[in-house]
Amino acid sequence: MRSELREQIYTIVAQIPPGRVTTYGRIAKMTDGATARAVGSAMGHLPSGHELPWHRVINAGLKVTEHGGAVRQREKLRAEGVVFDAKGCINSELLWP
């Protein structure tokens, strides 16, 4: 992935406000050619010590994608007031932008 595209993704993710979420696909549509998969890859390759709110990026089903950090991601979202329904989905009213 081009570094310019990765920087676009990170710039968008940095703008997601606390208590809100967005999807990999929505971020992709705000870039110059990234795919949802590319956004996921960029999230998975964040450098250690970063300040980006990676936990606010979810999948198109409005769920946390299962990965090594999924439990931590849910904890961080709950700490911001995000509520999950019985199926693990987040209310679409919390989608940003």
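Using the numbering used here, the first residue of the sequence shown is number 3, and each one after it goes up by one.
Think of the CB as a built atom: it goes at the ideal place given N, C-alpha and C, for glycine as much as any other residue.
- Scanning S50, L7, P19, H47 for the CA closest to the CA of M32 turns up L7.
- For R4, no alpha helix (DSSP H) segment is defined, and its DSSP state is neither H nor E.
- Taking 4 residues as the shortest admissible run, the stretch 20 to 79 contains the following complete alpha helix (DSSP H) segments, listed from N- to C-terminal end: 26 to 31, 38 to 46.
- Here R76 really is in contact with F86; their C-beta atoms are around 7 Å apart, less than 8 Å.
- Around the beta carbon of Q17, a 10 Å sphere encloses fewer than 16 other beta carbons of the protein chains shown; the residue is thus reported as exposed.
- Under the three-state reduction of DSSP output, I18 falls in the coil class, being neither helix nor strand.
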